[in-house]
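Number of protein chains: 2
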Amino acid sequence: MATAIELLDAGGTAGLTMRGLADRLGSGVMSLYWHVDNKEKVFDLALDAVLAYREPPQHVEAHDWRKDIVHLLEDWRASMLRHPWSAPLLPSRALGPNILGRLELMSRTLSKAGVADADLNVAIWSLWNYVMGATITRASFDRSEDDMAAAQQRLTGLVAPTIERSRLLLDNDWDGVFRNGLDFLLDGFVPRGAAVTR
Amino acid sequence: MATAIELLDAGGTAGLTMRGLADRLGSGVMSLYWHVDNKEKVFDLALDAVLAYREPPQHVEAHDWRKDIVHLLEDWRASMLRHPWSAPLLPSRALGPNILGRLELMSRTLSKAGVADADLNVAIWSLWNYVMGATITRASFDRSEDDMAAAQQRLTGLVAPTIERSRLLLDNDWDGVFRNGLDFLLDGFVPRGAAVTR
DNA sequence: CATCCTATGGTACAATGTACGAGTCAAGTG
DNA sequence: CACTTGACTCGTACATTGTACCATAGGATG
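Protein chains in written order, with my numbering: chain A, 1 to 198; chain B, 1001 to 1198.
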């Protein structure tokens, strides 16, 4: 698994081949198939491995649930960005135990933060959507900054004065954008100061 | 292009092969390469074709900018869901004219709705993130509802009482969730009743 | 010794993207 | 008319991939 992740980090989704993996492990290709059904399974396992979550130092008597949620989501995002192939993979693959664990933690934290049970699923999925969208976009555009510049150029040919002027495609304060939209979402689900300590 | 999209609709990303496309067109495989550099280009073109936007019936003297934005984003999402392979592709591919056009329209509409120039890029990217996350997730999970059920089952084995109880993974009010989170985001960027008519 | 389970890995095959180069046909040019 | 040129088609060939099938080896157990 570790070497699979190495290959993925080095060459993206296309960088992982069964032959390549076997070579790096000094084994025959077909030996891999004793441990693993498919190449698909390798992806599933690598993905879940990358999403492992080390519980933070547990300042148990915490106060600020809002901060906890933000930390949770930013750590999730950071984990995926450390392995840029992972984010685009996540929605299309089976949910492994680690991501399920994160969802559970998220659910509990939101609950403690004062989100009513009835709104919990909506809140979780909305946050999921936002985090996944931001991370997939970031992870993909990262590799193709040339594309962005090219597209910004191409704007001159089209009738797109507004986004050309604002240099939308060259804006790369990814973290700031992420945090800003996240705040607005959270304001909706967990009105500031409404946290319930129980 | 039309038949390429047919193939993609029928079999997803894997359903498009150069040989398959050529067969459907009654041509030789290599003939395709006179019109197109790569298979990659085929994806780029198909993707942009799917994102074409027919301006709505133009009730010019509109009033509710908020409604316009929601319409804009829901139409975008609907366009991608009509071709489930498109959403996961979009972030990783070059931005074609149609998607750039949509961004421009979005920018203009947000501006009219009262978003300050300084906040424009942040707003656009946040909305992009949210829409893309929601759509990619929806488009991918759609195909694998079995996976979801399986994962929900697997929860019993883990320690995940909260999301097991709330049946998070079986909740499938996708449209409701989308709309709900979107409203909160918009509340942040375009406070209700703050629309400026100019 | 025989039997079985765990594990390895070589060979072979089908599917894919595409490089190369030969071919067709119509329009233009002398 | 012969010719060139440029747009376009396509057969062959090859490298790369995932993986099915099968033979093998070693240790544990009877």
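We treat Cβ as the ideally placed atom computed from N, Cα and C, and that holds for glycine.
Nearest-angstrom Cα distance between residue i and residue j?
i         : j         : result
B/ALA1160 : A/GLY11   : 35 Å
B/VAL1029 : A/ARG77   : 42 Å
A/ALA118  : B/ASP1171 : 12 Å
A/SER140  : B/ARG1082 : 23 Å
A/GLU74   : A/ALA150  : 30 Å
A/LYS39   : B/LEU1103 : 37 Å
A/MET18   : A/SER31   : 10 Å
A/THR208  : B/ALA1052 : In the structure as shown, chain A begins at 1 and stops at 198. Residue 208 of chain A is therefore absent and cannot be evaluated.
A/SER107  : B/PHE1184 : 19 Å
B/HIS1035 : B/PRO1088 : 25 Å
A/GLY133  : B/TYR1130 : 6 Å
A/LEU127  : A/GLY101  : 16 Å
B/ARG1093 : A/HIS63   : 43 Å
A/ILE124  : A/LEU47   : 20 Å
B/HIS1071 : B/SER1079 : 12 Å
A/GLN152  : A/TRP85   : 25 Å
Would DSSP call residue i helix, strand or coil?
i         : result
A/ASN121  : helix
B/LEU1045 : helix
A/VAL17   : Sequence check: residue 17 of chain A is Thr here, not Val. DSSP places A/THR17 in coil when its eight states are reduced to three.
A/MET1    : coil
A/ALA228  : With chain A represented from 1 up to 198, any question about residue 228 of chain A goes unanswered, as that position is not in the structure.
A/GLU55   : coil
A/ARG108  : helix
A/ARG192  : coil
A/HIS63   : coil
A/ASN203  : Lying before the first or after the last residue shown, residue 203 of chain A is absent from chain A, which here runs from 1 to 198.
A/LEU158  : coil
B/HIS1071 : helix
B/LEU1103 : helix
B/LEU1168 : helix
The alpha helix (DSSP H) spanning residue i covers which residue range?
i         : result
A/ARG179  : 174-189
B/HIS1035 : 1032-1035
B/GLU1164 : 1161-1165
A/SER86   : 86-89
Residues in the stretch 137-161 of chain A with C-beta within 9 Å of chain B's C-beta atoms, listed in sequence order?
THR137, ARG138, ALA139, SER140, PHE141, ARG143, SER144, ASP147, MET148, ALA150, ALA151, ARG154, LEU155, GLY157, LEU158, VAL159, ALA160 and PRO161
Using a Cβ-Cβ cut-off of less than 9 Å, list which residues of the stretch 170-191 of chain A approach chain B; keep chain order.
ASP171, ASP173, TRP174, GLY176, VAL177, PHE178, ASN180, GLY181, LEU182, ASP183, PHE184, LEU185, LEU186, ASP187, GLY188 and PHE189
Closer than 8 Å between beta carbons: that is the criterion. Which residues of the stretch 1085-1112 of chain B meet it against chain A?
PRO1088, PRO1091, SER1092, ALA1094, LEU1095, PRO1097, LEU1100, GLY1101, LEU1103, GLU1104, SER1107, ARG1108 and SER1111
Taking only beta carbons into account, state which residues of the stretch 1061-1085 of chain B come closer than 9 Å to chain A, listed in chain order.
none
Quick one, which residues of the stretch 1117-1132 of chain B are near chain A if we go by CB-CB under 9 Å, in chain order?
ASP1117, ASP1119, LEU1120, ASN1121, VAL1122, ALA1123, ILE1124, TRP1125, SER1126, LEU1127, TRP1128, ASN1129, TYR1130, VAL1131 and MET1132
Positions along the stretch 6-21 of chain A whose CB lies within less than 7 Å of some CB in chain B:
none
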